[in-house]
C-alpha cells in the first residue's frame, strides 16, 4: 500500500457515499465560471469527473472514489489540484 | 394578475424552498458542457442565476423564486428557454 496523501485544505472526507467534498466561495460570477473552466480542463486531463454544484458565487465539488470504493491517491490529487486552481486568479 | 405560463415540459414545481426543478440528461460530457455554456449566456441575458448541479452526463437546474417567493413568469420563462437550449444541439 502506498501512503495516502493527506486531505487538502478545506476538504472533508465523506463516508457515505465514499467521497471528498469541498465548497469554494467566489467574489463574482466571473470568478465562479473561471474556476469551472479550469476544473473542466483538469477533468479532461485526469479523466476524473466530479459532481459539481454551483450558483452565482460558489462551487460545491464532490469527488467520488472509483466504483463505490473510498477515494484514493488519484482523487486526493484531483482535490489538491482543484484547490490550487481556486486561487489561481 | 397576469395569467401564469404553464410549467415547461419535464419541470417540477417544488414547494420548499419555492422553486422549479428539472434534470437534463446528455449523451456526452461535451453535450453537458455545451448546455452549461448556453445556460451561462441565458443567465447573463436574464439576470437569473439558478443553482446548477452537474456530472459528466447530466445537469440539474433549480430556479428559485425571487426573495423566497414562488417562482413567477420570469422564472417560468427561464425554464422554458433552458428546455429549448437543451435540444439546441
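Chains as they are written, first to last, in our numbering: chain U, 1 to 89; chain R, 1 to 89. We put the beta carbon where it would ideally sit given N, CA and C, even for glycine.
Leaving aside the five residues before and after residue i along the sequence, list all residues of the same chain whose C-beta is less than 7 Å from its C-beta, in chain order.
{"i": "residue 13/R", "result": "7 and 20"}
{"i": "residue 9/R", "result": "83"}
{"i": "residue 139/R", "result": "Past the boundaries of the shown model lies residue 139/R; chain R is included only from 1 to 89, so the question cannot be answered."}
{"i": "residue 35/R", "result": "24, 26, 59, 85 and 86"}
{"i": "residue 81/U", "result": "42"}
For residue i, name the three-state secondary structure that DSSP assigns.
{"i": "residue 86/R", "result": "helix"}
{"i": "residue 12/U", "result": "strand"}
{"i": "residue 51/U", "result": "strand"}
{"i": "residue 35/U", "result": "helix"}
{"i": "residue 24/R", "result": "strand"}
{"i": "residue 6/R", "result": "coil"}
{"i": "residue 1/R", "result": "Only weak support exists for where residue 1/R lies, its pLDDT of 47 falling under 50; the coordinates are left without a value."}
In chain order, what residues of the same chain lie with their CB nearer than 6 Å to the CB of residue i, ignoring the 5 residues before and after it?
{"i": "residue 62/R", "result": "19, 21, 50 and 51"}
{"i": "residue 84/R", "result": "none"}
{"i": "residue 53/R", "result": "60"}
{"i": "residue 48/R", "result": "78"}
With distances taken from CA atoms, which of the options is nearest residue i?
{"i": "residue 79/U", "options": "64/U, 57/U and 68/U", "result": "64/U"}
{"i": "residue 60/R", "options": "16/R, 26/R and 41/R", "result": "26/R"}
{"i": "residue 44/R", "options": "35/U, 55/U and 41/U", "result": "55/U"}
{"i": "residue 16/R", "options": "70/R, 75/R and 76/R", "result": "70/R"}
{"i": "residue 30/R", "options": "75/U, 66/U, 41/U and 81/U", "result": "41/U"}
For residue i, I'd like the list of residues in its chain whose CB is within less than 8 Å of its CB, leaving aside the five on either flank, ordered along the chain.
{"i": "residue 1/R", "result": "Because residue 1/R sits at a pLDDT of 47, beneath the cut-off of 50, its placement in the model cannot be relied upon, and the point is left open."}
{"i": "residue 11/R", "result": "20, 21, 22, 79 and 83"}
{"i": "residue 68/R", "result": "17 and 18"}
Contact criterion: CB-CB distance below 8 Å. Does residue i meet it with respect to chain C?
{"i": "residue 16/R", "result": "Going by chain labels, chain C is absent from the structure shown, which instead holds the protein chains U and R."}
Positions along the segment 20-41 of chain R whose CB lies within less than 9 Å of some CB in chain U: 29, 33, 36 and 40
Beta carbons nearer than 7 Å to chain R: which residues of the segment 72-89 of chain U have them? none
Beta carbons nearer than 7 Å to chain U: which residues of the segment 56-70 of chain R have them? If you check each beta-carbon in the segment 56-70 of chain R against every beta-carbon of chain U, the ones closer than 7 Å belong to 56.
Tell me which residues of the segment 42-55 of chain U have at least one Cβ-Cβ distance to chain R shorter than 7 Å, keeping chain order. 49, 51, 52, 53, 54 and 55
Ordered list of beta strand (DSSP E) runs contained in the segment 53-79 of chain R, each at least 3 residues: 58-64
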